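Sequence order for the protein chains is A and B. Counting from 1 along the first sequence, just add 1 to a position and that's the residue number in the numbering used here. Reminder that position 31 of the second sequence reads as 21 in the numbering used here, one-by-one numbering, no gaps. Beta carbons are placed, not taken as given, at the ideal position from N, Cα and C, and that holds for glycine. Computed from a predicted structure; not experimentally measured.
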Amino acid sequence: MCKEIEYKIKHLPADATYIKLRLNGNSDTLALVRKIIDASVNHLSLNAALLNDLKLATTEACTNVIRHAYKFDSLKYYDVEIRITNELLMIELLYCDPGFEPDKIPVPDLKKMNEGGLGVFIIKNIMDYVKYTTDVETGNVSLKMVKMLDSLPKNTEA
Amino acid sequence: MKIDCRVDNNSKTKTFVLEGELDVHNVKNLKSVVSESLENEEGWTYILDLGEVTYLDSSGLGMLVYIKKEITHEEGNLKIINIQSQVFNVFKLTRLDEFFDLSTK
């Protein structure tokens, strides 16, 4: 499944829907991100649960950038790119976080009450493909999150 | 986020009615409102009514965990009621539904 998705995102059709947002490290932008996700996938008639999952995964990813990488600094900017085809929806975050090591993201112990560390866990449980890529020299980070759409039940409500 | 608080001294109950979205942008407001209202007396029940909360993420969950620990420290009880289905799913996804006294809408 993982290699199949990697092949698909490397060969996205030229007419894939493409939306790009540039956001700063202020957390008041998160509600806007959710509204844009909502509007972006409206034509796909996704069921309500999936739509909420997509908004949740995207917000979790943006929150990690704002909180951990940018420390709520509204003068620092990151990009959110959304690509939609008939088969998949890919959300990519591009930001700068020198020293970030994705392999060292702690895995939460769900047998305990956790106050933090659940964001990436939630993303990985919702999305079909999650991959961090880092550039050690520049500190640039890419987070790709993909949800396959082709086998999903559609909302049949008008 | 809008938060209304009702106090019933007879039953030692404080009910917080929340309205809006509970993400990292709003959690500090909830923390300050609830923390400032905690009684230094055991036996109080604190109810969070999430009936009008349409969104909750890990930042909101983390704050609810913090609040539960604070209330437990004061020997009180926390109940979270009227949870909408999409919000309840986040509790289930993280298995935190096992740690809270929850009821859905």
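In whole angstroms, give me the CA-to-CA distance for A:L95 and A:D129. Here residue 95 of chain A is taken as the residue at index 94 of the first sequence, counted from 1. Here residue 129 of chain A is taken as the residue at index 128 of the first sequence, counted from 1. Distance between the alpha carbons of A:L95 and A:D129: 19 Å.
Return yes when the C-beta of B:L68 is under 7 Å from any heavy atom of the ligand NAD, and no when it is not. Looking for the ligand NAD in the displayed structure turns up nothing, as the structure carries no ligands at all.
Since A:D80 contacts A:L22 with CB under 8 Å, what's their CB separation in whole angstroms? Indexing the first sequence from 1 puts residue 80 of chain A at position 79. Indexing the first sequence from 1 puts residue 22 of chain A at position 21. So it is a contact: roughly 7 Å between Cβ atoms.
Which of the three DSSP states, helix, strand or coil, is assigned to A:R35? Numbered from 1 along the first sequence, position 34 holds the residue referred to as residue 35 of chain A. Of the three classes helix, strand and coil, the one that applies to A:R35 here is helix, per DSSP.
For a contact meaning CB atoms closer than 8 Å, what does B:G52 contact in chain A? Reading the second sequence from its first residue, position 62 is the one you call residue 52 of chain B. Going along chain A in sequence order, the residues near B:G52 (Cβ under 8 Å) are N115, E116, G117, L119.
Using C-beta distances below 8 Å, list every residue in its chain close to B:T84, excluding the 5 sequence neighbours before and after it, in chain order. Along the second sequence, read from residue 1 onward, the residue named residue 84 of chain B stands at position 94. S48, L51.
Locate the alpha helix (DSSP H) running through A:Y8, then write down its first and last residues. Numbered from 1 along the first sequence, position 7 holds the residue referred to as residue 8 of chain A. First-last of the alpha helix (DSSP H) with A:Y8: 3 to 11.
Taking all protein chains shown into account, decide if A:F73 is buried (16 or more other Cβ within 10 angstroms of its Cβ) or exposed. Position 72 of the first sequence, counted from the start, is the residue given in the question as residue 73 of chain A. Exposed: under 16 other Cβ atoms inside 10 Å.
For B:G10, list the residues DSSP reports as bridge partners. As a working mapping, residue 10 of chain B is identified with position 20 in the second sequence. DSSP, once it has assigned bridges, lists B:V43 as partnering B:G10.
Helix, strand or coil: how does DSSP classify A:L45 here? In the first sequence, the residue the question calls residue 45 of chain A occupies position 44. DSSP places A:L45 in helix when its eight states are reduced to three.
Express the C-alpha separation of A:K113 and A:N25 in angstroms, rounding to a whole number. Locating residue 25 of chain A in the first sequence gives position 24, counting from the first residue. Locating residue 113 of chain A in the first sequence gives position 112, counting from the first residue. Whole-angstrom Cα-Cα distance: 33 Å.
DSSP on A:K71, reduced to helix/strand/coil? For this step, residue 71 of chain A is matched to residue 70 along the first sequence. Per the sequence presented here, residue 71 of chain A reads as Tyr, with Lys not at that position. Residue state, collapsed to three classes: coil.
In angstroms, rounded to a whole number, what distance separates the CA positions of B:Y36 and B:F90? Within the second sequence, numbered from 1, the residue matching residue 36 of chain B stands at position 46. Within the second sequence, numbered from 1, the residue matching residue 90 of chain B stands at position 100. B:Y36 and B:F90: Cα-Cα distance of roughly 12 Å.
Reduced DSSP category for A:T139 - H, G, I as helix; E, B as strand; rest coil: Within the first sequence, the letter at position 138 stands for residue 139 of chain A. In this structure, A:T139 counts as coil in the three-state DSSP scheme.
What residue does the alpha helix (DSSP H) around A:T30 start on, and which one ends it? Walking along the first sequence from the start, residue 30 of chain A turns up at place 29. Neither: A:T30 is in no alpha helix (DSSP H) and is coded neither H nor E.
Quickly, what does DSSP pair B:D(-2) with across the bridge? List them, please. Numbered from its first residue, the second sequence carries residue -2 of chain B at position 8. According to DSSP, B:D(-2) bridges with B:T3.
With DSSP as the reference, label A:L57 as helix, strand or coil. To locate residue 57 of chain A, count along the first sequence from 1; it is residue 56. Of the three classes helix, strand and coil, the one that applies to A:L57 here is helix, per DSSP.
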